[in-house]
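What follows is a short report on a single structure.
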Amino acid sequence: QMVARGFAVLPGPGRFSLIEAGDVATALLAVVASDYRGLAELDDGHGGYSHSELAIAIGVAVGRRPWLIPLSTGVLDVAAMVATALAKITGGSPLLSYDRARYLAHADWVAAPTAVLPPALRGAPVDLRTGLARTVAWYRQAGSLR
808 QMVARGFAVL PGPGRFSLIE AGDVATALLA VVASDYRGLA ELDDGHGGYS
858 HSELAIAIGV AVGRRPWLIP LSTGVLDVAA MVATALAKIT GGSPLLSYDR
908 ARYLAHADWV AAPTAVLPPA LRGAPVDLRT GLARTVAWYR QAGSLR
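For the sequence shown, the numbering used here assigns the number 808 to the initial residue and increments by one for each residue that follows.
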């Protein structure tokens, strides 16, 4: 929604892995049908994305290049403090908690290459552009995005 409106607030310089839901299902079914044992991490094989890379890719999917607004962890912390104080006053839940702010600002949520599920069990991943195009189409069909 934010990118469709022409901007993206970026919570720090962190990177993270992504995987399309169908790819998760494919991998889980392959693991169950195999003799694989152990722990593994799932991702799309890209090696991670930055918040700005994702925002720009979403912009391509919605047809609008977003204005990128990077926030420092200090700004996120202040926003979390204000949101928490307002929630206490109103009796509600904070829109941004301190824990959530720290989570968003974490520098590295990328799947470890040494812990990734073997390629034979993953199948060919849906690339980010295709996955986002499908997601945007679904949100538009549901009336949640223009």
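Backbone N, C-alpha and C fix where the C-beta goes; we use that ideal spot for every residue, glycine too. As the structure is a computational prediction, the values presented were derived from the model and not from experiment.
Item                                                                                                                                       : Value
Is the Cβ-Cβ distance between glycine 813 and proline 877 less than 7 Å?                                                                   : no
Helix, strand or coil for valine 816 per DSSP?                                                                                             : strand
Rounded to a whole number of angstroms, what is the C-alpha to C-alpha distance between alanine 864 and glycine 855?                       : 13 Å
What three-state label does DSSP hand glutamate 827 in the structure shown?                                                                : coil
Any idea what DSSP makes of valine 838, helix, strand or coil?                                                                             : helix
Go through its chain and collect everything with a Cβ distance to leucine 902's Cβ below 6 Å, but skip five positions before and after it. : Ala890
Based on DSSP bridge pairs, tell me the residues matched to tyrosine 856.                                                                  : Phe823
How far does the beta strand (DSSP E) with leucine 878 in it extend, from its first residue to its last?                                   : 874-878
So for aspartate 934, helix, strand or coil by DSSP?                                                                                       : coil
Can you have a look at valine 869 and say buried or exposed, based on whether 16 or more other CB atoms are within 10 angstroms of its CB? : buried
Here's the rule: buried if 16 or more other CB atoms are within 10 angstroms of the residue's CB, otherwise exposed. What is alanine 887?  : buried
Roughly how many whole angstroms lie between the Cα atoms of alanine 949 and aspartate 906?                                                : 32 Å
Do arginine 941 and alanine 834 have their C-beta atoms within less than 7 Å of each other?                                                : no
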